[in-house]
Amino acid sequence: MTTQVASEPRRRRKGKVPATILVSAFLLAVIIVSAVAAPFVAPHDPLAQDLLNRSLLPPAFAGGSWAYPLGTDALGRDLLSRIIYGGRVSLLVGLTATMIAGFLGLVIGVLAGYFGGWLDIVFMRVADVQQAFPFILLAIVVMAVWGPGLVNLIIVLGVTGWVIFARVIRSLVLVIKDQEYVQAAIALGTSTRRILWKHVLPGVTSTLLVLATFAFVQFILAEAALSFLGLGVPPPAPTWGGILSEGRVYMVMAWWITALPGVAILLTVLTVNLIGDWVRDRLDPRLRH
Amino acid sequence: MLLGVSFAVFALSHLSGDPVSLMVGPTATQADIEALRQSMNLDRPFFMQYAAFLGGVLQGDFGTSLWQHQPALGLVLERFPFTIQLAAAALFLALLVAVPLGILSAVYRNSLLDRLAIGTSLVGQSVPGFWLGLLLILLFSVTLRLLPTGGSGSLLHLILPAVTLAAFTMGRIARLVRTNMLDALNSDALRTARAKGLREMTVVLKHGLRNAAIPIVTLIGLDASSLLGGAVITETIFAWPGLGRLVVQAISQRDFPLVQAATLCIAVIVVAVNLIVDLSYSFLDPRVSG
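Residue numbers (the working numbering), protein chains in the order written: chain A, 51 to 339; chain B, 4 to 293.
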C-alpha cells in the first residue's frame, strides 16, 4: 500500500507507467481490498465445516461447483473464503512487522550514522552477529521458544528485521551529514533535533519506503513459512501458509488446497516486488542491488 | 564475531526465561524441576552459565541432546555434509542457469528472451520455497513418477530439493548479471576491446564477465544466509537429512541443546562463507588488497 502512495505523484511527473506496473497495482489492490473487506467479499464463512456434503470438492474450473469456486478442504470449508481471510493475517503481519522493523532500523540507523562513536560500533556489531543467522532460522527458533501466535509472530519478525534498514540508512545518513548544507546548518548552531528532522529525515524517506517494500515481501514469505511449520498463527485461523500445510496431507487427492494458497502468496509477493523495483528505479537508482 | 554468535545462540534459548519448564512434562513436580535445573547448572547466574557453555563449546562439548541422548555435536556433524551438499548443489545450479541467462538477456537487451528471463527471475525470487517444493513433488514424483518424493541417497534425490532451493538465488543472480553486463557492455573498456577487432563473443565473455564477477561473489556472500535459511524449509519438505531439518526436529522435541548446537553450526557456516568471499576479492580484482 505504501508503494502506491509513493508512486502516485511520480506518475503525473513521468507521464507513462508501464503496463506491468498497472496490472500489478490492480492485482495488489484486489488482494488488499478483498482482505480488508473479507466479510463482504468471501462467499462463505471460512470456518464453516460440512464433512458429509462438501469434503474435498474440486474447484469450479476442474469440475466442481460454482457455489465453491476454488473447491473445499477436507473439512468441507470453502477454500476461496479461507484464502481471502488468510490474506488478512498475511497482510496484517507483513504490514505491522514492516512498520516495527522500519521504525527500529530508522532510529538505529540515524543514531549510528549521525552520532557515530561507541553507539555506532555497538549497533553495527550486533547487526553483524544477527546477520550470521539466517533470518528465517532466527524466527523459527524464537517462535519455538515463545510459542505460536499472531502478536508473537509480528514482534519476532519486526524485531529481527531491523538490520537491513539500519545498515542502509546508516550509510545514507553518513553521506547526508557530509553535505555542505548540513555542515553549514551545524556550523550555524542549528539544534541537533532540528537538523535531524529538517535535513536527515527527509533525506532518507524515499529509501525507507523502498526498503519497506522488500521487507514487507520478506515478512509475507516468512509468515507463510512459519505458519507452514506450525510456528506462526495457530489454527483454526486461516493463513496462507497454514492452509497450505493442512492441504499437504491431501496433496495427492486434492492438489488445489496446496496449490491455490501458494498462488495468493506468489501474486502478492510478485506484485509488490514489481512495484517496489519500479519505485526504486524512479526514486533511488543507487539501491539497485 | 564468533564470540558474539555463540552468545546470541546461548541467549536465544534462554529467552523463555527457563528452558527447564519447556522440557519437563506436565506431570513433573516442583522437586523434579529443581533437580533437573541443578543437574543442568541452571541455578547459577546467567553469565556463569554462559561461561560454562562457552568453555564447553571451545572443548568441542555442545551438551547432550535431550532427545537422542547423544552428544549434540556428533549429531550436528552427522547432518552437516548433507546441508553443504544441498546448498552447494543449489548454488551451482543457480549459477549454471543464471549466469548464461543474465549474459544473454544483457546482450539481447529488450528482446523477447530478455523479457522472459526477467520475468522468470522475478517469479523465482517471489515464489515461496516450500510451495514450489510441494508442487515439484506433485508433478515429478506423484504424477510423472520420475523422481523420489524425499529422502537422500542418490543424485536423483538431490534434484528436486536443489531446484527448489536454487530458485530464489537464481533469480537474484540472473538479474545482477544482467545489470552488470549492461554496464560493462557500454563501458569504454569494451568499446576499446571491440575497436581492437576482437570477436564479440570474446569481448562479452572475457571483459564483460570479469566486471560482473565481483558483484556475483558479493551476492553469494549475502545469499549464503538466505540459502541456508531456505535449506531449513526445503530439507523439511523433502525429508533431506541436513542441519535445517535437524533444527526443526529438535524444536518439535524441545531439545534445546541440539537446537543450540545446530544453530551455532549454521551461523559458523555463514561467517565462514563471508570470510571466503572477502578473501576472494583480492583474487578477482588485484586492486583490492588486504
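Ideal Cβ positions, reconstructed from N, Cα and C, are used throughout, including at glycine. On a predicted model such as this, the values are computed, not experimentally measured, just so you know.
- As the crow flies, the alpha-carbon of Gly312(A) is around 15 angstroms from that of Ile236(B).
- Counting only Cβ-Cβ distances below 8 angstroms, Trp305(A) has contacts in chain B at Leu141, in chain order.
- Between Ala227(B) and Val276(B) a beta carbon distance of about 4 angstroms is seen, short of the 8 angstroms cut, so the two are scored as contacting.
- Taking the beta carbon of Gln128(B) as reference, the chain A residues within 7 angstroms of it are Asn323, listed in sequence order.
- Around the beta carbon of Ile236(A), a 10 Å sphere encloses fewer than 16 other beta carbons of the protein chains shown; the residue is thus reported as exposed.
- Counting only runs of 4+ residues, the alpha helix (DSSP H) found wholly inside the segment 233-288 of chain B occupies 246-255, 259-287, in chain order.
- In the structure shown, Asp100(A) adopts coil according to DSSP, grouped into three states.
- Taken in chain order, the segment 105-131 of chain B contains no complete beta strand (DSSP E) segment of 3 residues or longer.
- Pro286(A) carries a coil assignment under DSSP once its states are collapsed to helix, strand and coil.
- Close partners of Leu333(A) in chain B (Cβ separation under 8 angstroms) are lacking, with about 17 angstroms as the shortest Cβ gap.
- Contact residues of the segment 110-138 of chain B toward chain A are Leu125, Val126, Gln128, Ser129, Val130, Pro131, Phe133, Trp134, Leu137, Leu138 (C-beta to C-beta distance below 7 angstroms).
- The contact set of Thr308(A) on chain B, defined by CB atoms closer than 8 angstroms, consists of Trp134, Leu137, Leu138, Leu141 in chain order.
- Identification of chain A residues near Met173(B) by a Cβ-Cβ cut-off of 7 angstroms yields none; the smallest Cβ-Cβ distance measures about 15 angstroms.
- For the C-beta of Ala117(A), not a single chain B residue is nearer than 9 angstroms; the gap to the nearest is close to 26 angstroms.
- For Arg138(A), the closest Cβ of chain B is not nearer than 8 angstroms.
- Using a Cβ-Cβ cut-off of 7 angstroms, Phe278(A) is close to Phe133 of chain B, given in chain order.
- Distance from the CA atom of Thr86(B) to the CA atom of Leu238(A), rounded to whole angstroms, is 58 angstroms.
- Less than 8 angstroms divides the Cβ of Val267(A) from the Cβ of Asn323(A).
- Just measuring C-alpha positions, the residue of Ala270(B), Val60(B), Leu89(B) sitting nearest Ser155(B) is Leu89(B).
- Taking 8 angstroms as the threshold, the shortest C-beta distance from Ser283(B) to chain A does not fall below it.
- At a cut-off of 8 angstroms between beta carbons, Met4(B) contacts chain A.
- Rounded to whole angstroms, the gap between the alpha carbons of Val273(B) and Leu187(A) is 12 angstroms.
- In the displayed model, Pro198(A) falls within coil according to three-state DSSP, outside both helix and strand.
- One thing to note: Gly291(A) has its Cβ within 8 angstroms of the Cβ of Ala275(A).
- Taking 9 angstroms as the Cβ-Cβ cut-off, the segment 226-245 of chain B approaches chain A at Ala227, Ser228, Ser229, Leu230, Leu231, Gly232, Gly233, Ala234, Val235, Ile236, Thr239, Ile240, given in chain order.
- Taking 8 angstroms as the CB threshold, Asp123(A) stays off the interface with chain B.
- Annotation: the segment 273-327 of chain A contains no complete segment of the beta strand (DSSP E) (minimum length 3 residues).
- Between Leu98(B) and the set Phe241(B), Leu142(B), Arg178(B), the nearest pair of CA atoms involves Arg178(B).
- Remark: C-beta atoms of Tyr135(A) and Ala88(A) approach each other more closely than 8 angstroms.
- Look at Ala162(A): its C-beta is not under 8 angstroms from any C-beta on chain B.
- Per the Cβ contact rule, the segment 175-193 of chain B is in contact with the segment 121-128 of chain B (3 or more Cβ pairs under 8 angstroms).
- Thr67(B) sits in a strand when the DSSP states are folded into three classes.
- Not one beta carbon of chain A lies nearer than 8 angstroms to the beta carbon of Gly66(B).
- With fewer than three CB-CB distances shorter than 8 angstroms, the segment 206-218 of chain A does not count as touching the segment 226-233 of chain A.
- Boundaries for Trp247(A): no alpha helix (DSSP H) harbours it, and the DSSP string shows neither H nor E there.
- For Pro74(B), the pairing in a beta bridge is given by DSSP as Thr67(B).
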